[in-house]
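Novice:
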Amino acid sequence: MENTFVIRDDASYTLNFLIYIQNIFLNQRSSEQERKFPYIPSMHITFEEGFEFRYKELWDEVRQRIAENPFEDGKIFNGEKDLFFKRLFMDSNDSMKDYDEIYQSFKVWWGSFAGHFSVERSIGDVIENLYRELACTLIQRGITPKKELNISLVYDKCPLGNMEITSYFAVVPINDFYVKYEELVTKLRKNVCN
1 MENTFVIRDD ASYTLNFLIY IQNIFLNQRS SEQERKFPYI PSMHITFEEG FEFRYKELWD
61 EVRQRIAENP FEDGKIFNGE KDLFFKRLFM DSNDSMKDYD EIYQSFKVWW GSFAGHFSVE
121 RSIGDVIENL YRELACTLIQ RGITPKKELN ISLVYDKCPL GNMEITSYFA VVPINDFYVK
181 YEELVTKLRK NVCN
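According to UniProt numbering, the stretch in the sequence shown is residues 1 to 194, in order.
#1: Excluding the five sequence neighbours on either side, which residues of its own chain have a C-beta within less than 8 Å of the C-beta of A135, listed in chain order?
#2: If you compare alpha carbons, which of D156, C193 and N78 is closest to Q104?
#3: Does any C-beta atom of chain D lie closer than 9 Å to the C-beta of E48?
#4: By Cβ distance, which residues of its chain are closer than 8 Å to W110, with the 5 residues on each side in sequence left out?
#5: Please tell me whether Y168 and K190 are closer than 9 Å, where the distance is taken between their beta carbons.
#6: Short check: CB of I143 to CB of V192, under 9 Å?
#7: Using 10 angstroms around the beta-carbon of V62, count the other beta-carbons present and answer buried if the total reaches 16, otherwise exposed.
#8: Beta-carbon within less than 8 Å of S92's beta-carbon, same chain only, minus the 5 sequence neighbours each way: which residues are those?
#9: In the DSSP output, which residue or residues are listed as bridge partners for S152?
#10: How big is the Cα-Cα spacing for T186 and R8?
#11: Just curious, the alpha helix (DSSP H) that T186 is in, first and last residue?
#12: In the structure shown, what three-state DSSP assignment does T166 receive?
#13: Which residues does DSSP pair with F47 in a beta bridge?
#14: Just tell me which of L184, Y55, F89 and V119 has its CA closest to the CA of Y131.
#15: Is the separation between the beta-carbon of S152 and that of V171 shorter than 9 Å?
#16: According to DSSP, simplified to helix, strand and coil, what is Y39?
Shown next, in the form of structure tokens:
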């Protein structure tokens, strides 16, 4: 049987930005030992009431759009900047100023060597092993993949959003490639073999 399996992995601008916002929100409610990147002690952001519910809705919406068309990612982040503000932040001049600073801070980090490039490169060898394991499973079982497997890589976990693997699409934190690798392989194997 010919191997037609393809994995497309990408570090999502939009989903990583949502995690960036999530972590700022969680840092305002956590102890010193539980803080996450980015930690911005001088800023107390006024988030919209019901933030966690609103965040989950926005996460699911954006995740679905990227799952259906991975090339939407950059369009959402760059072209729909106000979407995040309107859904997650209190509507005031101070909140808009804070949001603009968060957005710019993320863009600077993401555009730096320590941002997008490092996140994508962090799984270089591991993604090759994952590909081999999944491709071998498909060949052994005589399964032809329905489409390419899209993995959207994020720099941190997303406890406020849905991280379930859907049809040939997965949002995976870097941590899972190293700490939960076998569990990740099992979940992805079930996904591509069904």
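Quick reminder that beta carbons are idealized off the backbone N, C-alpha and C, glycines included.
Specialist: Working from what's here:
#1: By one-based count along the sequence shown, residue 135 stands at place 135. Correct list, in chain order: N3 and F5.
#2: What you label residue 104 is simply residue 104 of the sequence shown in a count that begins at 1. When each option's Cα is compared against that of Q104, the closest is N78.
#3: Considering every chain present, this structure includes no chain D. It has just one protein chain.
#4: Within the sequence shown, numbered from 1, the residue matching residue 110 stands at position 110. In chain order, Y13, N16, F17 and H116 place their CB closer than 8 Å to the CB of W110, counting only its own chain and leaving out the 5 sequence neighbours on each side.
#5: Position 168 of the sequence shown, counting from 1, holds the residue named residue 168. Position 190 of the sequence shown, counting from 1, holds the residue named residue 190. Cβ distance not < 9 Å, so Y168 and K190 don't count as in contact.
#6: Counting from 1 along the sequence shown, the entry for residue 143 is found at position 143. Counting from 1 along the sequence shown, the entry for residue 192 is found at position 192. Contact: yes.
#7: Taking the sequence shown and counting its residues from 1, one reaches residue 62 at position 62. Per the 10 Å Cβ criterion, buried.
#8: Numbered from its first residue, the sequence shown carries residue 92 at position 92. Result list for S92: T46, in chain order.
#9: Taking the first residue of the sequence shown as 1, we reach residue 152 at position 152. In the DSSP assignment, the residues bridged to S152 are D10 and V171.
#10: By 1-based counting over the sequence shown, the position of residue 186 is 186. By 1-based counting over the sequence shown, the position of residue 8 is 8. Take the alpha-carbon of T186 and the one of R8: they are about 18 Å apart.
#11: Numbered from 1 along the sequence shown, position 186 holds the residue referred to as residue 186. Unbroken alpha helix (DSSP H) run through T186: Y181 to C193.
#12: For this step, residue 166 is matched to residue 166 along the sequence shown. In this structure, DSSP gives T166 an extended state, which the three-state scheme calls strand.
#13: Here the question's residue 47 lines up with position 47 in the sequence shown. F89, per the DSSP bridge assignment.
#14: Here residue 131 refers to the residue found at position 131 of the sequence shown. Closest by alpha carbon: L184.
#15: Counting from one through the sequence shown, the residue named residue 152 turns up at place 152. Counting from one through the sequence shown, the residue named residue 171 turns up at place 171. The answer is yes: Cβ separation under 9 Å.
#16: The residue given as residue 39 occupies position 39 in the sequence shown. Y39 falls in the coil class under three-state DSSP.
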